[in-house]
Amino acid sequence: MPAIVRWSLIMVLSCAGCATQPWSSQPRSSQRQSSPPQVNLSGYSPAFKQGYSDGCASVRASLRRDEQRYRGDSDYMIGWNDGHSMCQRRR
Numbered sequence: 012m013p014a015i016v017r018w019s020l021i022m023v024l025s026c027a028g029c030a031t032q033p034w035s036s037q038p039r040s041s042q043r044q045s046s047p048p049q050v051n052l053s054g055y056s057p058a059f060k061q062g063y064s065d066g067c068a069s070v071r072a073s074l075r076r077d078e079q080r081y082r083g084d085s086d087y088m089i090g091w092n093d094g095h096s097m098c099q100r101r102r
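Under my numbering, residues 12 to 102 are what the sequence shown spells out, in order.
In structure tokens form, the structure reads like this:
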């Protein structure tokens with residue numbers, strides 16, 4: 012095999028190795044369910060952040076909402092509604 016072909020093959024295989032993703036011990040579906048939403052929520056109240064997280068989690072699994080906070084805390088309610096609608100659109 013000519014040297015140029017051998018080196019070309021080595022370079023192609025090296026680049027292909029760098030482009031692959033590492034193996035994960037967990038299936039992708041469980042990773043997706045446990046990760047928090049990838050949204051910048053800095054500047055929002057803790058109640059809004061918790062509501063956003065719960066609303067987004069409700070799209071991926073069963074309904075997750077603190078009904079008492081939803082009715083009594085407007086920040087939580089708005090956060091839940093925003094999180095639910097944003098994660099539903101991304102789905």
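From the three backbone atoms N, C-alpha and C, an ideal C-beta is built for every residue, glycine too.
Three-state secondary structure (DSSP) of residue i
i    : result
P13  : coil
Q79  : helix
G54  : coil
D84  : coil
G94  : helix
L74  : coil
R102 : coil
Q1   : What is shown of the chain runs 12 to 102, which leaves residue 1 out entirely.
Closest by C-alpha distance to residue i, when choosing among the options
i   : options              : result
D84 : R101, G62, C98       : G62
R80 : A27, N51, M88        : M88
R82 : V16, V23, A58        : A58
G90 : R100, A72, R102, L52 : L52
R71 : R17, W18, R102, V23  : R102
M5  : R75, Q49, A27, V23   : This structure does not reach residue 5, given that the chain is present from 12 up to 102, and the question cannot be answered.
Cβ-Cβ distance between residue i and residue j below 8 angstroms
i   : j   : result
N92 : G66 : yes
S69 : H95 : yes
Y56 : D77 : At residue 56 the sequence reads Ser, which differs from the Tyr that was named. The answer is no: Cβ separation not under 8 angstroms.
Residue i at chain D interface by Cβ criterion, 8 angstroms
i   : result
W18 : No chain D is part of this structure, which consists of one protein chain only.
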